[in-house]
Amino acid sequence: MTEKRLPLSSSELKAFAEYVGTPFHIYDGPAIRKNAEDMKKAFSWADGFINYFAVKALPNVNILRLLASLGFGADCSSLPELKLAKEAGIPSERIMFSSNDTPDEEFMEAFRMGAIINLDDISFIDDVIRVCGKLPETISFRYNPGKERTGNAIIGNPSEAKYGVTHSQLAECYRRAKENGVKHFMLHTMVASNELNEDYIVETARMLFSLVDEIKRECGIAIEQVDLGGGIGIPYRPDDTAISFSSLGNRIHELYVEMIEKKGLAPLRISFECGRCITGPFGYLVSKVLHVCHKYKDFVGLDASMADLMRPALYGAYHHITVLGKENKGNDHIYDVTGSLCENNDKFAIDRPLPEIDKGDIIVIHDTGAHGHSMGFNYNAKLRHAEYLIDSDGIYMIRRAETYDDYIRTQLSEPKKL
Ligand code: LLP
């Protein structure tokens with residue numbers, strides 16, 4: 086069970102919403118900090134442990150700075166994300182470039198800035214050599230275990246997934262990297278998304294530790310770091326249970342002693358590139374009820390839409406909803422909670438038991454701190470909304486709302502003939 090907390094008291098959040106206007110995303114800075122510290126502590130046994138925060142989860146420079154001040158790095162999947170990580174002042178050696186289907190210019194820029202390049206395919210070795218003239222001194226390969234592991238609905242089964250190099254390609258990848266001057270080798274995988282089963286993450290560590298042994302025996306190459314990717318889940322539903330960092334850290338430590346230290350494969354650094362479990366539970370989408378309509382079903386229409394949070398529409402994902410000021414009323418009404426897009430799947434919840442809702446109520450949609458605002462879009466010319474960060478000394482605006490002028494800026498009212 087997980088208690089669905091608010092980042093401020095219900096009345097404070099309501100007053101703030103009235104003051105700044107809805108909708109907006111708001112993040113709980115002190116809670117993010119504590120959570121990040123908990124993760125670090127759980128892996129403090131691992132020398133050089135780092136979480137490269139997945140920028141795609143919450144690409145705001147202020148959040149990246151906050152996490153960087155705690156020693157986190159950045160996992161980037163595109164050139165703009167690399168630039169954002171730089172903008173946040175994250176040193177190159179703490180930037181991981183985990184991309185796929187990568188354009189040449191992105192390899193070039195990642196190489197130029199000295200980020201760690203994580204190759205998603207064996208053919209990318211030649212691409213990097215062609216584009217950058219050589220391979221960097223440090224290289225990582227993303228491993229796809231195929232049928233050996235199962236994935237889940239969001240990321241798919243590994244054998245069907247577009248990501249990573251296969252088991253039979255792995256040794257050749259490292260051999261070719263070595264032949265081409267690479268000095269430091271890393272191994273990465275990312276096999277599940279929003280995984281709440283601790284055993285699954287432990288099995289991922291076991292799989293990578295065993296590959297470290299295999300690569301040493303087959304190619305004589307010592308892997309210096311394994312990256313377990315992102316994918317640690319969060320309890321979106323009140324009856325879900327969060328993964329405990331300390332229990333996970335202890336279990337991976339036990340495996341490390343058995344499979345790495347005792348086999349003479351140490352030192353081996355451990356890293357993750359988690360986004361969701363770092364900021365996800367500490368973000369909230371706050372929105373106002375514009376309409377309550379009674380048709381064949383009862384609908385609550387918000388001033389936010391799936392352009393602000395597309396997870397429910399895209400994955401059928403559950404996001405908990407609190408109606409401010411009505412926390413103690415019974416959930417004795419059933420509603421579809423919708424946005425205003427001309428898309429019938431623009432729904433935050435379907436058949437959700439909630440207290441009776443009135444026009445003007447303020448609704449909080451929970452767990453939007455990762456893959457929330459970042460997955461937003463502009464369909465129906467919806468403008469992107471503001472983001473706020475609660476810190477110990479007050480609340481800061483960390484992204485202003487998009488204006489019509491921002492929106493129209495890329496359109497040419499004088500068409501340019503080519
Ligand atoms: N590293 C790589 C290579 C990834 O592809 C991802 C997410 C992460 C790290 C971060 O995963 P996290 O720890 O945040 O789960 N937008 C979806 C999930 C797609 C995830 C894609 N990759 C969602 O809203 O659930």
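Numbering (this note's numbering), first residue to last: 86 to 503.
Cβ coordinates follow ideal geometry from the N, Cα and C atoms, glycine included.
Quick caveat: nothing in here was measured; it's all calculated off a predicted structure.
Sequence-distant residues of the same chain with beta carbon closer than 7 Å to residue i, five excluded per side
i, result
"PRO243", "ASN229, PRO230, GLY231, ARG234, GLY236, VAL276"
"ILE239", "SER278, ASN279, TYR400"
"ILE175", "LEU149, ALA153, GLY158, ALA159"
"SER96", "none"
"LEU293", "LEU272, THR274, VAL311, LEU313"
"LEU370", "PRO108, HIS110, ALA389, ASP393, LEU394, ILE450, THR453, GLY457"
"ARG484", "ASN145, ALA471, GLU472"
"ASP325", "THR87, LEU281"
"GLU191", "SER163, LEU164, SER184"
Residues of its chain near residue i, where Cβ-Cβ distance is below 8 Å and the 5 sequence neighbours each way are ignored
i, result
"ILE214", "LEU220, ASN265"
"SER331", "ASP123, LYS126, ALA127"
"ASP132", "PRO352, ARG354"
"ASP417", "PRO438, PRO440, GLU441"
"THR84", "Limits of the chain in this structure are 86 at one end and 503 at the other, which puts residue 84 out of reach."
"LEU340", "VAL287, ALA290, ARG291, PHE294"
"CYS258", "LEU204, ILE207, ILE210, PHE226, VAL250"
"GLU283", "ILE328, SER329, SER332, LEU333, ARG336"
"GLU166", "VAL140, LYS141, PRO144, ALA159"
"ASP186", "ASP205, LYS247"
Residue i (DSSP reduced to helix, strand or coil)
i, result
"ALA159", "strand"
"ASN265", "coil"
"SER154", "coil"
"HIS404", "coil"
"ASP205", "coil"
"VAL276", "coil"
"LYS373", "strand"
"GLY241", "strand"
"MET344", "helix"
"HIS418", "strand"
"ILE214", "helix"
"ARG260", "helix"
"PRO397", "helix"
"GLY457", "coil"
"LYS444", "coil"
"LEU220", "coil"
"LEU255", "helix"
"GLY231", "helix"
"SER498", "coil"
Extent of the continuous beta strand (DSSP E) to which residue i belongs
i, result
"ALA471", "471–476"
"PHE226", "223–228"
"ASN335", "It is not in any beta strand (DSSP E) - ASN335 instead sits in the alpha helix (DSSP H) that spans 330–341."
"ARG354", "354–357"
"ILE180", "180–183"
"ALA434", "432–439"
"GLU487", "Counting along the chain, GLU487 falls outside any beta strand (DSSP E), and DSSP gives it neither H nor E."
"TYR248", "Segment: none, TYR248 is in no beta strand (DSSP E) and carries neither H nor E."
"ASP312", "308–312"
Limits of the unbroken alpha helix (DSSP H) element including residue i
i, result
"LEU387", "Careful: LEU387 lies outside any alpha helix (DSSP H), inside the beta strand (DSSP E) at 383–387."
"PRO366", "That residue, PRO366, is in no alpha helix (DSSP H); it is neither H nor E in DSSP."
"GLU172", "164–172"
"GLU194", "189–198"
"LYS301", "283–304"
One or two residues paired with residue i in a DSSP bridge
i, result
"TYR464", "For TYR464, which the question treats as bridged, DSSP gives no partner whatsoever."
"ARG322", "ARG322 pairs with nothing; no bridge assigned."
"GLY479", "ASP476"
"VAL449", "VAL371, THR407"
"PRO379", "The question names Pro, but residue 379 is His in the sequence shown. Beta-bridge pairing links HIS379 to ASP383."
"GLY423", "Sequence check: residue 423 is Thr here, not Gly. Beta-bridge pairing links THR423 to GLY386, LYS432."
"ILE317", "GLU280"
"MET271", "SER225, GLN310"
Cβ-based neighbour list, residue i, same chain, cut-off 6 Å, excluding 5 preceding and 5 following
i, result
"ASP160", "TYR137, ALA139, MET181, SER183, GLU358"
"ALA455", "ALA142, LEU143, GLY360, ARG361, THR364, GLY365"
"ASP436", "ILE419"
Closer than 7 Å: residue i CB and nearest ligand 3 heavy atom
i, result
"CYS304", "Ligand 3 is not among the ligands present in this structure, which contains only ligand 1."
Ordered list of alpha helix (DSSP H) runs contained in the stretch 90–152, each at least 4 residues = 95–105, 114–127
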